[in-house]
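Under UniProt numbering, the first residue of the sequence shown carries the number 1, and numbering increases by one thereafter. Each residue gets a CB set at the ideal place from its N, CA and C atoms; glycine is no exception.
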Amino acid sequence: MVGFTSATNRLFTKVVKENELYVVPRGLQHYQLNVGTGDAVFMAMFDAQSPGLVTPTLALFATEPAMPMEVLTKTFLMGEDDVTAMKSKFAGF
């Protein structure tokens, strides 16, 4: 299964079968999940030699300097204790 979320938070998803192709638009959050019982092969292709990588959890919870607590509490509708717990899971990355 492969999917991505659009800029308007709409989820697009599809169970991809052998020899099928699925294109994810540039810069959108996406995922792949093997929903079968056997091994799966995934091949990624990019339109640049160094396309970069942004991991959302690290981009929010492991920044240097730290993302302001108020930004995180308001973004995720969480209390400071919950945000601190999330940040501790990504410490050292």
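The residue among F90, E18 and E80 with its C-alpha nearest the C-alpha of L58 is F90. With respect to the C-alpha of A62, the residue from Y31, F46 and G92 having the closest C-alpha is G92. In this chain, the beta strand (DSSP E) harbouring V2 covers V2 to T5. Judged by beta-carbon spacing, Q32 lies within the 8 Å limit of V2, meaning their Cβ atoms are closer than that value.
DSSP places T57 within a helical segment (H, G or I) once states are collapsed to three. The Cβ atoms of L60 and M69 do not sit closer than 8 Å to each other. When beta bridges are read from the DSSP output, K14 appears opposite V2. Linking A85 to E64 through their CA atoms gives a straight-line distance of about 17 Å. For V83 and M43, the gap between their C-alpha atoms comes out near 35 Å.
In this structure V24 touches F4 by the C-beta definition: roughly 5 Å separates them, less than 8 Å.
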